[in-house]
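Start counting the sequence shown at 1; every next residue gets the next number (full-length UniProt numbering).
Ideal Cβ positions, reconstructed from N, Cα and C, are used throughout, including at glycine.
Since the model is a prediction, treat every value here as computed from it, not as a measurement.
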Amino acid sequence: MAKINISLDAELVVEVMVLAGVGSPQDAVELVVRDYIARGHRTEARTELKDQSLREVEVKPQEPQG
1 MAKINISLDA ELVVEVMVLA GVGSPQDAVE LVVRDYIARG HRTEARTELK
51 DQSLREVEVK PQEPQG
């Protein structure tokens, strides 16, 4: 896998390290990014299931009014 280098605010990285419970800045940021991606996939899966169930609902024609 290709690697990149980025600059981040030190306080931000330290906070992520504490919240993630890891001692390496690289590992902490990688965990946050992987979690963000996983959440996105879970959200997509939930909305896809909801959309499918909405499509499966049969819509009854309305009775003529008047």
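| Check | Outcome |
| --- | --- |
| Option in ARG39, ALA38, ILE37 and VAL13 with minimal Cα separation from ASP27 | VAL13 |
| GLU48 versus TYR36 - alpha carbon distance | 18 Å |
| Start-to-end residues for the alpha helix (DSSP H) that takes in LEU12 | 10-20 |
| Whether VAL29 touches VAL16 by CB criterion (8 Å) | yes |
| Alpha-carbon to alpha-carbon, ALA45 and ILE6 | 31 Å |
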